[in-house]
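Report on the structure given below.
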Amino acid sequence: RRDVLVLTPWLAPIVWEGTFSRDILNAQYMQKNLVTGVVTFAVKKYWFFIEGFMSSANKYFLAGHQVNFYLFTDNPEQISHLQMAPENHLFVITVQNHSQWQDISMSCMDIISRYIRSQFQYEVHYLYSIDIDVQLFEHIGVEIIDTLMGTISSWQYTARRESKSYETRTESQAAIPKEEGDFYYTASFYGGSVAEVYKLTRACFKGVMEDRENDIEARWHDESHLNKYLLYHKPTRLLSPEYYWDEEL
Amino acid sequence: RRQDVLTVTPWLAPIVWEGTFNSEILDSAYRPLNLTIGVTAFAIGKYTRFVGHFLESAEKHFMKGYRVNYYIFTDNPETIPNVQLQPGRRFVIVPIKKYPSWQEISMRRMEAINKHIAETSHREVDYLFCLDIDMVFYNAWGPETLGDIVAAIHPGYFNVPRSQFPYERRRSSAAYIPDGEGDFYYGGAVFGGLVKKVYEFTKTCHMTILMDKANGIMAAWQEESHLNRHFLSRKPSKVLSPEYLWDDRKPKPPEIHLIRFSTVDKNYKEVRD
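Residue numbers (this note's numbering), protein chains in the order written: chain W, 1 to 249; chain F, 250 to 522.
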């Protein structure tokens, strides 16, 4: 691929179709016997997306490798029987719901970090957070596995007037100075080693809490905090917008 | 940004060329980690004559601003010159035995490095580079080279089809690579990575070298052949372009913008005897 940037200035590969061989990667990954976790939230009306997400992820996400799906929901009764591939497992975890959806998305970071500490660190090597209102149409494989992974938001790649961008108000913990920033990352799909995801979610939640105390809320909520974190803790691997394309575009 | 060369392997390891990275960003990520970088180099017999120039040039260009330990393996400690080092940088002589032939000396490096890591350097360094001594640094070699498992592309074979790579082609050797296989031809003069990883792969290479010895065979390019066999199965996480392993006798092609580390011109027959 010569038409796109395939390597960041800090030598992290940017994964685009055509830059890698999944066969070679699978062969290397198989040697290591790794377990990957996926965290996703289906709160309030979002239970509707569970079936679509789970059936497509079960089929296309790291197919052939061991994946533990951790589904946080306030509506466990709504989950009909989901057929899982033999190497995958589904864990349904009940959570309380909050009044506003921003609150839910902000507390996701807190929930993830707490569960890593109490449970996930013993069960998986790598952990990915994926929004539930997502359907996979193509295989997503081991090319995503690395210490700290961010996905470039598709919003950066369009000419939409209301382009997503960093929080600039210095009162917020998520503020990024004007001339800075490498890429705009989406909070819908990020992950890495369990240790790195722990650090990231703790840092983001801390930023969220401090903002709340100062009565300010970042423009794109947890995504703004994520972008601040990844600016100062550079990801070791980036996924191109091919990996998360917002249907609204 | 470089569009004239491959900058990422099919297994998503970066290939480091001038223009692909920003040293400031890398320094700001690595400096705070307070790392110590180790370097092993073998100066056996007449090869001790290269130590002075190697170290002086390393002081100018290798990992500036980082703590560095140079481990010079030699059978001849008295002939090693005293080179002035920058603060935070140390020089250690590791006495070793001289083997009768230059090929044997070359092949025993894997064992010596492995043993030294287990006994000493695993406690002293985070990353370790194993370099040939008959070489000189001409330009910056920095944290862009750090990675879990690092190999360098041999300058003679970076622009050449795979069928021409001088892999060991005899099936009876443990370093055998069949036709049609192989990613790159890596040079034996430069390899490295996390000290733990270097320990692992020097052990494996030494094992395959011993297997060949037991079968009365010696690989085409000694431990370089075994290194290539190893890196075919366990791919490096970072690959250095030939800027990091150049041969001054070669004319500089357009893809090479900068020569960082290169051979010293010498009379092979005379110095190997």
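Glycine included, every Cβ here is placed at the ideal spot set by N, Cα and C. Since the structure is predicted, the reported quantities are computational estimates derived from the model, not experimental observations.
{"Query": "My parser needs the alpha helix (DSSP H) runs of 4 or more residues fully inside the stretch 442-466 of chain F; what are they?", "Result": "444-463"}
{"Query": "On the CB-based measure, 16 or more other CB atoms within 10 Å of its CB, does Lys234 (chain W) come out buried or exposed?", "Result": "buried"}
{"Query": "Determine the DSSP secondary structure at Phe49 (chain W), reduced to helix, strand or coil.", "Result": "helix"}
{"Query": "Among F:Asp253, F:Val317 and F:Met467, whose alpha-carbon lies nearest the alpha-carbon of Glu353 (chain F)?", "Result": "F:Met467"}
{"Query": "Using a Cβ cut-off of 8 Å, which residues of the stretch 251-276 of chain F contact any Cβ in chain W, in chain order?", "Result": "Gln252, Thr256, Val257, Pro259, Trp260, Leu261, Ala262, Pro263, Val265, Thr269, Phe270, Asn271, Ile274 and Leu275"}
{"Query": "Going straight from the alpha carbon of Gly391 (chain F) to that of Gln252 (chain F), what length do you get?", "Result": "22 Å"}
{"Query": "Can you tell which of F:Trp260, F:Glu492 and F:Arg358 has the C-alpha that lies nearest to the C-alpha of Asn388 (chain F)?", "Result": "F:Glu492"}
{"Query": "By how many angstroms is the C-alpha of Glu242 (chain W) removed from the C-alpha of Arg299 (chain W)?", "Result": "What the structure shows of chain W is the stretch from 1 to 249, and residue 299 (chain W) is not part of that stretch, so it cannot be assessed."}
{"Query": "Against chain F, does Val6 (chain W) count as a neighbour if the rule is that its beta carbon must be under 7 Å from one of theirs?", "Result": "yes"}
{"Query": "Output the boundary residues of the alpha helix (DSSP H) element that contains Lys228 (chain W).", "Result": "Asp222 to Tyr232"}
{"Query": "With a threshold of 6 Å on Cβ separation, who are the neighbours of Thr289 (chain F) within its own chain once the five nearest residues in sequence on each side are excluded?", "Result": "Tyr320, Ile362 and Cys379"}
{"Query": "I need the straight-line Cα distance from Asn68 (chain W) to Val513 (chain F), nearest angstrom please.", "Result": "55 Å"}
{"Query": "Could you pull out every unbroken alpha helix (DSSP H) segment of at least 4 residues lying fully inside the stretch 459-514 of chain F, listed in chain order?", "Result": "472-482"}
{"Query": "Measuring CB atoms only, is the stretch 407-423 of chain F touching the stretch 330-342 of chain F, in the sense that at least three cross pairs come out at less than 8 Å?", "Result": "no"}
{"Query": "What does the alpha-carbon distance come out to for the pair Asp146 (chain W) and Asn33 (chain W)?", "Result": "15 Å"}
{"Query": "Bridge partners of Glu417 (chain F), per DSSP?", "Result": "F:Tyr425"}
{"Query": "For a contact defined as C-beta to C-beta under 8 Å, what are the partners of Phe183 (chain W) on chain F?", "Result": "None at all; the shortest Cβ gap to chain F is about 13 Å."}
{"Query": "Please tell me whether Val399 (chain F) and Gly442 (chain F) are closer than 7 Å, where the distance is taken between their beta carbons.", "Result": "yes"}
{"Query": "Where does Leu249 (chain W) sit, in a helix, a strand or coil, going by DSSP?", "Result": "Annotation note: pLDDT 47 at Leu249 (chain W) (below 50); position unreliable, coordinate value reported separately. Coil."}
{"Query": "CA-CA distance, Ser486 (chain F) and Glu213 (chain W)?", "Result": "43 Å"}
{"Query": "Looking at chain F, is there any beta carbon in it that lies within less than 7 Å of the beta carbon of Ile24 (chain W)?", "Result": "yes"}
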